[in-house]
Each structure stands twice: as C-alpha cells, then as structure tokens.
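Below: the structure, in structure tokens.
There are 2 protein chains.
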Amino acid sequence: MTFEFTPLGVGAAIPIAGRHTSAHILNIQDQIYLIDCGEGTQMRLEQLQFRRSRIKQIFISHLHGDHVLGLIGLVTSFSLLGRDIPLSIFGPTGIKDFIEANIKYTHSHIPYELNIHELDPTVHIHIFENQNIDVYTIPLQHRVPTCGYLFREKQRLPRINIQKIEDYNVPKTAIRGIKMEGDDFTTEEGKLILNSELTLPAYPTRAFAYCSDTAYSEAIVPIIKEVDLLYHEATYLNRHQKQAEFSMHSTAQDAATIAKSADVKRLLLGHYSSRYLHVDLLRDEAQYIFPNTDLAIEGDVYKVPLEKNPQA
Amino acid sequence: MTFEFTPLGVGAAIPIAGRHTSAHILNIQDQIYLIDCGEGTQMRLEQLQFRRSRIKQIFISHLHGDHVLGLIGLVTSFSLLGRDIPLSIFGPTGIKDFIEANIKYTHSHIPYELNIHELDPTVHIHIFENQNIDVYTIPLQHRVPTCGYLFREKQRLPRINIQKIEDYNVPKTAIRGIKMEGDDFTTEEGKLILNSELTLPAYPTRAFAYCSDTAYSEAIVPIIKEVDLLYHEATYLNRHQKQAEFSMHSTAQDAATIAKSADVKRLLLGHYSSRYLHVDLLRDEAQYIFPNTDLAIEGDVYKVPLEKNPQA
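Respectively, the protein sequence lines represent chains A and B. Quick note: the first sequence uses the numbering used here, first residue 10, plus one each step. Quick note: the second sequence uses the numbering used here, first residue 10, plus one each step.
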C-alpha cells in the first residue's frame, strides 16, 4: 500500500550545482506519476533508478521552462526506447502546442498513443481516475496559467474481520462477496449475520497536494483541507517578500500559513531560489507557524503512512 | 595561445548513466564556443566549471533532440542571470522557429540581443569571424538538414627576431611597426634592414573540424583536409553497419577512413550508441585504419598544440 513522494529537483528557475529544476515522482500503490518535468528529468529518473517506462501519466503545473523543458526529451526518448503503451500528459492551455510543435521541430516520430489533456487552470475539477486514485486540479496564482494537483486515494473496501469469520465458520468462497459486494452471511444453523459484523471499517484514504508555483492564495485552502502531505513551493525567505509578491511566488511562511489554515498533516517545502545556498532558514521560518514542516531534499522519499487503527 | 576541445556529452540519442547527449566546448585563444546543446548542457557547463556567460556563439549541427534540447534552458537562464551582451546562434533552417516558438511557449523574455543565423547546410560557406578565427559550415549527410563546422585560426603576425633586434639596436618604439605593418628598419649608420631579417615566420594556424551527425561522406574530405583535430561521430561498430546506413550514422571505421583520406593530424571519436556500455572496441576498429585515434571522454580536455618550430 505504497504512498510516497520523491522530489527529483527542488530548485527554482535556474539550476545550480546539486539542485535541479522541478520534477517529482509520486508512487501510489506502485503506480508512478510524474509531476512537472524540468530539464534533465529523464537523466534524474535514471540516476535515481526509476524505470522511465513505468510512467503512464505526467502532470505539468505550468509552462515555465524550469517545469517543462525536460518533457520533449522524455517523450522522444520513450519513442527511441520502443514504448508501445499510451502516455497521458495533463497541463494548462498551451501544452498541446508546445509538445506538438517541438515534436515537429525536432523531426521526431511518436509511435505510441500520446494523449495530451489541456486543462483550464482557473477551476478545481476532476481530471483523472484509475482503480486507485482520483486527481483534481488546484487553481494557483502565478504569472502564467498554472494549476496544482490533488491526488486522493479512492474509497477502499471494508476489511474482513478474521475473528468473526472463524467464529461463524464462514467458508472461503463466501468471503469475496462479503468484502466486495457487502453480502450478509447465513450460518449452517440458519442464523443471519449482517455484513457490518463480519467486516471492519476500511482504512482511510490518503491524499497529497502539489502546489507550485504560486503566490499566497487562501482560495486553495478548502481544496487541500486535511491532506496527509502538502508540497508547497517556498521560493523565498521573509526578507525577500517583496520579490515573492512581484514574481508571484511564496515565502516559506506563506506556505506554512496555508498548511496551518488547511490543517494538513505534514508540509514539505521546495522550489528554493538559487540565491540561497543553504535552505535551513526556509524551514525555520515555516516551522514557526507550522511545526510539522520539512525541506524537500532531492532523491529522498517522503512516505505517507496508512492509518492502521482508525477510530471510524 | 589556448586551443582545446572539451566534450560535455559523448552519447547518442538516448542519455544513459554517465553519458550525456551532445554538447562541446571549443576554447580558442580564451574565447569559448559551444558546439551543439543537448538536454542538460547548462548543468554540464556548471559541473565542469565553465562560466556560461563567457559563451557568445553557439553552433548547432541539426535539430535532433540530442543536439538541441538544452538550448532553450540555456538561452532563458541567460535572461534570468541578467545577461546583457549579445548571443549568436548558428544552425540549419528551422532553428529560428524552434527558438522563437519555445520562447513564446515558455512565456520567456529575452532582454539581451539574440541573433539567430539560419544556415543552408548543403553548402560549404564562411559564416563567422572575429579577430582570432574563421568558421565555415561542413555539409553533412543525415536524415535531417545537418552541418558540421570548421574552425580555423586566422593568419598570425610574424614573430619578432629578438636576436636581430638586439644586433641592430632597434628601439622599442619601432617594434610595433615591424611586427604589425611589415616595416623595414634603418640603423643609425644608415643601413637598411629588411623586415624579413627582423622577423621569423608566424606560427602556423590551427584548425578543428566537428562532424556530427553524418553518414560516411567523402564529400567532406577536401573541406577538412589536414586539420589538426577532427571530431567525427562514430555511433556504431562494424557489426552494426546496416543500422548505421539505415539511420545515416557512421561507424568508427567510417570516421577513420575519412580521417585518413583527409590526412588529419588526430581523430577523436564520439556520439556512441547507448547499446555499447564499453566503447574501447570503437577505438580499436578505428585505429586499425587511422592509428592516431582517441575516444572522446566527457570532461577531458583535448589540446591542439602550437607548432613552435615550423619549417616555413
């Protein structure tokens, strides 16, 4: 029941030594999703030993170079590597022209099914689902059309209460119906046992929100309410707040204020300005407002644990 | 009197661990030129401690992604870094659309002077000069419009013959005219000393040719005749010759045959197919035909020495 987030690049606009531009892997139940795709993402995937071919969906927040300039290399390398399964790319208006024009300019041929989904980044809508998750856009406030993404696990099935199964001698063949269909069970003695007695509540679902790049925006609070993990950009320290406002980025304290308002479980900062060689102060400023804050470190894995004993 | 070539990436189409896509720095008399610009070039420049801002000219061979996908990141990072000196980019037809469209798609603004020179890659012409060098195109045979580049030092001035200057008591004030203008000198006793006695022949000029990507093409031999250093792509071993022909690439032996025909001083192989984890055999196959062959290694510096004692 994996649910983990791995930043491949935590830098802002300009790559500097040891800090790459934005790209992130989200692994939910062993499906991996790529979020943003800065220059060099295909190399980062290789360095961190993620199999590129496992990516089936890519979510792009906006078309600034530090979030998108690795996309054409990745898409065309997929061709050269013989990919034959579909790839879906989600991103704000303009992404289709960007991809299609560059495929043409670089004389590339895409033999696999490439589905590009242009999104309206000003609205919060459901854009993707598979058997495990739903994905929604998060409208962000930046200099160009930008959206974040909310990933939420689908409601799980109730768990089988092993003790009760033994107590009532429930045969194995009946268990699937009890779990999947909500069946009740009748014992050999003719006693009806309700489904609610044979099962335990499902584990709660987990959620992750990705918010980059954005100015401070309280409008996102209801959308990301109580998520387990919030990645929020924190380009600047307080002392550069004017620069943050001018460039429509957030300070670490902006990120922490949003995390507190939304009552999230954990905040992860990233997208650090290249002017800061050391970023501990970003964490310090955020923790003053929201203590459960960490700095995203490239290649580290941030796990979202399953709540094993819910009081539901 | 520097003249040295540094490969930043020696891989072919797909980047693999430890092998980047095509990009190279040529340093001639402390001016640095970038030749091709695969994805991640700006990071490679930083890793190898080349100051990006020193680049004033970029030469692109063709618009396949492994030679050009780092260009937009570099050009836009120059903006963010406050560049205010001009940048010239040379490349085959199509490069202007590629750059201008991507500047638009990525919402970028280029505040410095950006001069894009579209070239006809089917002809051998002079395209650039400064006080040190002349640059010419080399028509190559590839699946898309492609040209190599020939860099040749300009004719130098004759050297002052220190011994004769002392013998004839030539004052310092006269030396500039003797060296720069070819002046003769008249001694205090009225004896005319010809310029040819006061000077030694200039050091010979050096030349470097870059030929990637290309099928075997004897047409380039007269253009690259007797260059000091030839970089020639060598994507394949002999046993993959059919693949080389199909994809319009060269084998290592193709490169060596061209080097031998052109009587170059030294051959450097590069652009190795990702199918070869070890490339020694490429060198072995080339050396069988042209012994003075080396493998381009990323980050290594290949110097072209000045011939200090010419017999001219």
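Backbone N, C-alpha and C define an ideal beta-carbon position, used for all residues, glycine too. Just so we're clear, the structure is a prediction, and the values are computed from it rather than from any experiment.
When beta bridges are read from the DSSP output, A:I64 appears opposite A:I41.
Counting C-beta pairs with one atom in each stretch, the stretch 119-136 of chain A and the stretch 41-54 of chain A have fewer than three that are closer than 8 Å, which means they do not touch. The shortest C-alpha to C-alpha distance from A:L304 to any of A:A265, A:R284 and A:Y177 is the one to A:A265. For A:A32, the closest alpha carbon among the candidates A:G74, A:Q40, A:H258 and A:A26 is that of A:G74. Cβ-Cβ separation between A:I169 and A:T115: approximately 53 Å, too far for a contact (criterion under 8 Å). G103, D106, F107, A110, N111, Y114, T115, H116 and S117: these are the residues of the stretch 101-117 of chain A whose beta carbon lies less than 8 Å from some beta carbon of chain B, given in chain order. Between B:L159 and B:I98, the CB-CB gap reaches or exceeds 8 Å. Residues of the stretch 246-272 of chain B whose Cβ lies closer than 8 Å to any Cβ of chain A: none.
For B:I23, the neighbours in chain A by C-beta distance under 8 Å run, in chain order, S86, L89 and L90. Beta bridge pairing from DSSP links B:H118 with no other residue.
When DSSP states are grouped into helix, strand and coil, B:I229 belongs to the helix group.
Uninterrupted alpha helix (DSSP H) stretches at least 4 residues long and entirely within the stretch 68-117 of chain B occur at 74-77, 80-89 and 104-114, given in chain order. For A:L166, there is no enclosing beta strand (DSSP E), as DSSP marks it with neither H nor E. In the DSSP assignment, B:E13 forms a beta bridge with B:N36 and B:K312. For B:L78, the nearest beta carbon of chain A is closer than 8 Å to its own beta carbon. Take the alpha-carbon of A:K200 and the one of A:D192: they are about 14 Å apart. Around the beta carbon of B:F255, fewer than 16 other beta carbons lie within 10 angstroms, which makes this residue exposed. Rounded to whole angstroms, B:L286 and B:H29 show a C-alpha spacing of 13 Å. Comparing alpha carbon positions, the residue from A:D176, A:Y145 and A:V19 closest to A:E307 is A:V19.
In the DSSP assignment, no residue is bridged to B:D272.
Here A:R275 really is in contact with A:D237; their C-beta atoms are around 7 Å apart, less than 8 Å. The criterion of a C-beta distance shorter than 8 Å is not satisfied by B:Y42 and B:F12. Counting only residues of its own chain and dropping the five nearest sequence neighbours on each side, B:Q262 has a CB closer than 8 Å to the CB of N247, E294, A295, Y297 and I298. By the neighbour-count criterion, in which a residue is buried when 16 or more other Cβ atoms sit within 10 angstroms of its Cβ, A:Y121 is exposed. In the DSSP assignment, B:T182 falls outside any beta strand (DSSP E) and within the unbroken alpha helix (DSSP H) covering K181 to R185.
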